[in-house]
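Going left to right, the sequence shown walks through residues 9 to 213 as this note's numbering numbers them.
Just so you know, even glycine gets a beta-carbon here, dropped at the ideal spot from N, CA and C.
All figures in this text were calculated on a predicted structure; none of them were measured in a lab.
Here the structure is laid out as C-alpha cells; the discussion comes afterwards.
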Amino acid sequence: MTGERGPIIAIDGPAGSGKSTVSRALAERLGVERLDTGAMYRAVAWAVLRSGIDPGAGPPVVEVARTLAIDVGDRVVADGVDVTDAIRSPEVSRAVSAVAATAGVRAELVERQRRWVAERGAGVVEGRDIASVVLPEADVKVYLTATPEERARRRHEEGAEALARRDAIDSTRDVSPLEVADGARVVDTTGRTVEDVVEEVVGWL
Ligand code: DC
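Encoded structure:
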C-alpha cells in the first residue's frame, strides 16, 4: 500500500451468496464506494434485449457493450435510462449469463471496472472474476458462499432452477469462470449476520 489510497477489496461468489449485502455494508463501514459489476453485465443484457439482439450472438453483443453508457451507483443508468429495476427482471436474469460469457463483453467491462478503481484508489468491488481477473492485486480477496438452499431462499423470485442454471453457466464458461482465486478467503455466510461477516473481513485489512 502507498498510504495514499484506501483499501481495495474484491468480493466474488455465486448468486445469493450475500455479495451485494456484504459489499454495501463493508463499503459503508470503510467509507469507500462500492461497484456492483453484475449490474454492468445486467445493463448490457438489458440493452441487448431492447435492441432485439440474441444474447448469444457474439459480435453484435460486444458492440452493444462497447457503446453503452453505464453508470452504476445507487441507481443504475444505461444510455440515460434508469434501469435499476429493469435489470432485475426474469428476462434479464435469463439473458445475462450468455452476455457475460462473451469474451469481448468481458474485455470491455473489465477495463471500465479497472478504470473505476484507478480513479478512486479504493473501493469494494463485487462480481465473479474480481480477484482472479479484474483486481488480482486487491488488498483483500473474499469468496462468499452459502448453502444452495440458503441461496435459493435469498433469490426466491428467480427460482431455484433458474439460479442453478445461471450458476452452472457462470462456473463452466471458457472465459473467466467463477472460481475461488489464489489467495481468496472463503466465507460461508449461511446463518451469519451481515455485521459479523463485515467485521471478519475488516479484520483482514
Ligand atoms: O451478481 P449478479 O447476479 O447480478 O450478476 C449477474 C450476472 O453477471 C451473473 O450471472 C454472472 C455475470 N457476472 C460476471 O460474469 N462477472 C462479474 N464480475 C459479475 C457478474
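query, result
"Indicate whether the contact test is met: 3 or more Cβ pairs, each with one atom in the region 138-150 and one in the region 14-29, closer than 8 Å.", "yes"
"Assuming VAL195 contacts GLU187 under a Cβ cut-off of 8 Å, what Cβ separation, rounded to an integer in Å, is found between them?", "Between GLU187 and VAL195 the Cβ distance is about 15 Å, and since that is not below 8 Å, they are no contact."
"Which same chain residues, not among the five before or five after GLY24, have their C-beta less than 6 Å away from its C-beta?", "ARG159, ARG162 and ARG163"
"Does DSSP put ILE17 in a helix, in a strand, or in coil?", "strand"
"At a cut-off of 8 Å, would you count TYR151 as near the ligand DC, judging by its Cβ distance to the nearest heavy atom?", "no"
"Where VAL183 and THR110 are concerned, what is the direct C-alpha to C-alpha distance, given to the nearest angstrom?", "8 Å"
"Please state whether DSSP places ILE4 in a helix, a strand or coil.", "The structure shown has nothing for residue 4, since the chain only spans 9 to 213."
"So what's GLU208 in DSSP terms, helix, strand or just coil?", "helix"
"I need the DSSP call for THR10, collapsed to helix, strand or coil.", "With a pLDDT of only 47 at THR10, under 50, the local geometry of the prediction cannot be trusted, and the value read off the model is given with reservation. Note: THR10 maps to coil in three-state DSSP."
"For the ligand DC, is there a heavy atom less than 8 Å away from the beta-carbon of GLY135?", "yes"
"Is ASP186 near the ligand DC, going by C-beta to nearest heavy atom under 8 Å?", "Just to set this straight, residue 186 is Leu in the shown sequence, not Asp. LEU186 Cβ: within cutoff of the ligand DC."
"Mapping DSSP to helix, strand and coil, what is LEU117?", "helix"
"Okay, do the region 123-130 and the region 163-179 touch, 3+ Cβ pairs below 8 Å being the bar?", "no"
"Check this for me: beta carbons of ARG32 and ARG96, under 9 Å apart or not?", "no"
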